[in-house]
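Each remark here refers to the structure printed beneath this line.
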Amino acid sequence: MYRRPQLYDLAFGFRDIPAECSNLLTLAAGYGVRHPHTVLELACGPAHHLRELARAGLTCVGLDINSEMLGYARQLCKRDGVRVTLRRADMRTFTVEQRFDIVLCLFDSFAQCVTDRDGIETLRSAGAALRKGGLAFVEFTHPADYFGKGRSRTSERWTQGRGDERVSARFSLTRFDPIAETFVASLVIEPRRPNGKKTSGRASRRLAMRWPQHMWLRGGVQYVVEASGCFDIVGWHGDIDPILPLDMSERSWRMIAVLRKR
Ligand SMILES: C[S@@+](CC[C@H](N)C(=O)[O-])C[C@H]1O[C@@H](n2cnc3c(N)ncnc32)[C@H](O)[C@@H]1O
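Mapping to the working numbering: the sequence shown position 139 is 125, numbers consecutive.
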């Protein structure tokens, strides 16, 4: 999927990035980082948040394991005339010289840490990249999405468009393994014409992908954070929103953990 980043980005283009960035800065201030200067995003993908934060004057660095995705992020930075440093690295093993005020790991990218060990290594690397008192914001799937009927707070089928481009997408969680606490995510993205019909030709090829993810619930997050030895958990939110708690209300649709570097 990440080898065709434009298609991925079009399908997942439903977030309000400026609002999320403004809320991230409000949240950071609430947790004691009032005037951040530096932000590092792990598994940054197209680096939408970093471009927005760079526009607001912050020094931004993004890491991702996928070179096509980084190439796409670079194109977007160039298009917008924004400076973000982008580097290919694995979030579990990276090192940086600088110490950052904020680390981000958004859109459930942490779920690609499939084992506790992956999670602990990522948190240790993130901890080493943060100054004392710095904050890490880690976004997870809302736990309710893994259980029961009417499971998902997020859509499983949707269409998304930008200009003349349109895609239909289908996302599902399959092959649950309750012992390993993993599942296989399945995503199909199909390019469409503006009238909703299927397109033809090479660029319009349907994209189908499956990949393993960890089912991170609160207890597992608490365990890996404690085992990392780097952080205290200082907050849980149901959205990137300073006042929305993590609970079972409809509005609480994702799980945001706020970690403070010891
Ligand atoms: C769902 S995308 C999220 C992108 C971005 N965080 C956002 O909010 O738009 C997940 C990204 O994680 C990257 N990724 C997966 N495993 C990784 C790893 N071990 N280290 C760094 N990046 C990784 C993928 O290449 C992909 O760009």
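Glycine residues also receive a C-beta, built at the ideal position from the N, C-alpha and C atoms.
The model shown is predicted, which means the values in this text are computed figures rather than measured ones.
What do you get for residue i, buried or exposed, if any count of 16 or more other CB atoms within 10 angstroms of its CB means buried?
i: H200; result: buried
i: S53; result: exposed
i: I226; result: buried
i: E236; result: exposed
i: P164; result: exposed
i: P177; result: buried
i: F80; result: buried
i: M77; result: buried
i: E83; result: exposed
For residue i, tell me which candidate among the options has the shortest Cα-Cα distance.
i: A122; options: T101, Q146, C91, L39; result: C91
i: K64; options: F162, R37, Y132; result: R37
i: L245; options: M195, R196, H223; result: H223
i: V89; options: G119, F162, R60, A97; result: G119
i: F133; options: R69, T160, L109, R74; result: T160
i: V68; options: H35, H21, I51, R152; result: H35
i: P4; options: Y(-12), Y17, A33; result: A33
i: F169; options: P22, R(-11), R60, T101; result: T101
i: R179; options: G147, Q61, S111; result: G147
i: G205; options: I219, G43, E107, M195; result: I219
i: A254; options: P(-9), L28, R73, V210; result: An answer regarding residue 254 cannot be provided, because it is not within the stretch -13 to 248 covered by the chain.
i: W144; options: A130, S214, R(-11), G(-1); result: G(-1)
i: S158; options: R196, G149, R(-11), H128; result: R196
i: L(-7); options: W202, H21, G221, E151; result: E151
i: V211; options: H21, R103, A40, L230; result: R103
i: I51; options: G105, S154, Y(-12), A194; result: Y(-12)
i: A194; options: G43, R156, P231; result: R156
For the beta strand (DSSP E) containing residue i, list its first residue and its last residue.
i: S273; result: With the chain running from -13 to 248 in the structure shown, residue 273 is simply not present.
i: M241; result: 240 to 247
i: G119; result: 116 to 127
i: L92; result: Unbroken run through L92: none, as it is neither H nor E.
Hey, could you find the ends of the alpha helix (DSSP H) residue i is sitting in?
i: H223; result: Note, H223: premise wrong, no alpha helix (DSSP H); beta strand (DSSP E) at 217 to 223.
i: D163; result: Here D163 belongs to no alpha helix (DSSP H); instead the beta strand (DSSP E) covers 151 to 163.
i: S53; result: 53 to 66
i: V211; result: 204 to 214
i: P(-9); result: -9 to -3
When the distance is taken between beta carbons, is residue j closer than 9 Å to residue i?
i: I242; j: E167; result: no
i: F86; j: V25; result: yes
i: R191; j: V174; result: no
i: C46; j: T71; result: yes
i: P198; j: T12; result: no
i: L116; j: C216; result: yes
i: D59; j: C30; result: Reading off the sequence shown, one finds Ala at residue 59, where the question assumed Asp. The answer is yes: Cβ separation under 9 Å.
Cβ-heavy atom distance between residue i and ligand 2 below 8 Å?
i: T145; result: This structure simply doesn't include ligand 2; it includes ligand 1 instead.
> Relative to ligand 1, what is the chain-ordered list of residues with a Cβ closer than 5 Å to any of its non-hydrogen atoms?
Replying inline: Y(-12), A29, G31, D50, I51, N52, M55, D76, M77, L92, F93, S95, Q98
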